[in-house]
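Residue numbers (our numbering): 10 to 256. C-beta atoms are modelled at their ideal positions from N, C-alpha and C, and glycine is treated no differently.
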């Protein structure tokens, strides 16, 4: 098969970070991080997938550090919910694609794309349409969290030995979860749908432990160690990926 008809673009994964690889008539490997945080690599035509991944792994420290800088800068800018932007869904990057529809407006995860199906009047970047698309995606993220919560809540409560009287899902600017020990009510951030799935169970476990121990002292840490042994690793991920408040 000639170079001109070979598959020229594909994705390799560096942990949970997708790298879009393009085979070109170039002599050297080039890696770029775009303003949306997506990572792109240009490689010579004869470079295999395994070789491309090896090149990414050799530059892993540089890629992750610079990508984090770009994402931190981008987090201060509001999303337009437009084609080409990206969002994490359960810890993996998904590229947003707007698609017109004459039917029901909805959001669908299709492979590595988050498709926003919207009526033509909501496809523009005016403030009203952007806010409308943001609410549509936020509703989808809320349902994602609700579905995952139904899968993990009982097991988390059993491990901790406490049950929540009520759990509310809402977008929070700085916190992943909170609770009121006196009433047993817990609140979870809908942005948890953007994190690896185990993070949701860890945050729920964290808040359930507060129903027994209000402070973050040694006793609380012992409760967490017993109920969620890998909680420190998951907490480190959340600390490195603070929630966005643009829903």
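Check whether residue i and residue j have beta carbons under 8 Å apart
| i | j | result |
| --- | --- | --- |
| residue 25 | residue 120 | no |
| residue 106 | residue 79 | no |
| residue 196 | residue 174 | no |
| residue 74 | residue 28 | no |
| residue 249 | residue 77 | yes |
| residue 171 | residue 137 | no |
| residue 115 | residue 147 | no |
| residue 17 | residue 41 | no |
| residue 150 | residue 202 | yes |
Pairwise C-alpha distance: residue j and residue i
| i | j | result |
| --- | --- | --- |
| residue 134 | residue 89 | 7 Å |
| residue 13 | residue 94 | Because residue 13 sits at a pLDDT of 34, beneath the cut-off of 50, its placement in the model cannot be relied upon, and the point is left open. |
| residue 62 | residue 22 | 7 Å |
| residue 212 | residue 185 | 7 Å |
| residue 243 | residue 204 | 10 Å |
| residue 158 | residue 72 | 33 Å |
| residue 113 | residue 236 | 42 Å |
| residue 216 | residue 223 | 9 Å |
| residue 308 | residue 234 | The chain is shown only over 10 to 256; residue 308 falls outside these bounds and no answer can be derived. |
| residue 163 | residue 214 | 11 Å |
| residue 246 | residue 155 | 21 Å |
| residue 104 | residue 38 | 24 Å |
| residue 166 | residue 239 | 17 Å |
DSSP three-state assignment for residue i, whether helix, strand or coil
| i | result |
| --- | --- |
| residue 225 | coil |
| residue 138 | helix |
| residue 238 | coil |
| residue 145 | helix |
| residue 155 | helix |
| residue 7 | Nothing can be reported for residue 7, as the shown portion of the chain is limited to 10 through 256. |
| residue 196 | strand |
| residue 30 | strand |
| residue 245 | helix |
| residue 91 | coil |
| residue 106 | strand |
| residue 114 | coil |
| residue 161 | helix |
| residue 169 | helix |
First through last residue of the beta strand (DSSP E) which encompasses residue i
| i | result |
| --- | --- |
| residue 219 | Residue 219 -> not in any beta strand (DSSP E); alpha helix (DSSP H) instead, spanning 206-219. |
| residue 50 | 48-53 |
| residue 100 | Per DSSP, residue 100 belongs to no beta strand (DSSP E) and is neither H nor E. |
| residue 22 | 18-23 |
| residue 41 | 39-42 |
| residue 186 | 186-189 |
| residue 127 | 122-127 |
Delimiting residues of the alpha helix (DSSP H) encompassing residue i
| i | result |
| --- | --- |
| residue 62 | 58-67 |
Min CB distance residue i to chain C below 8 Å
| i | result |
| --- | --- |
| residue 63 | The structure shown contains no chain C, having only a single protein chain. |
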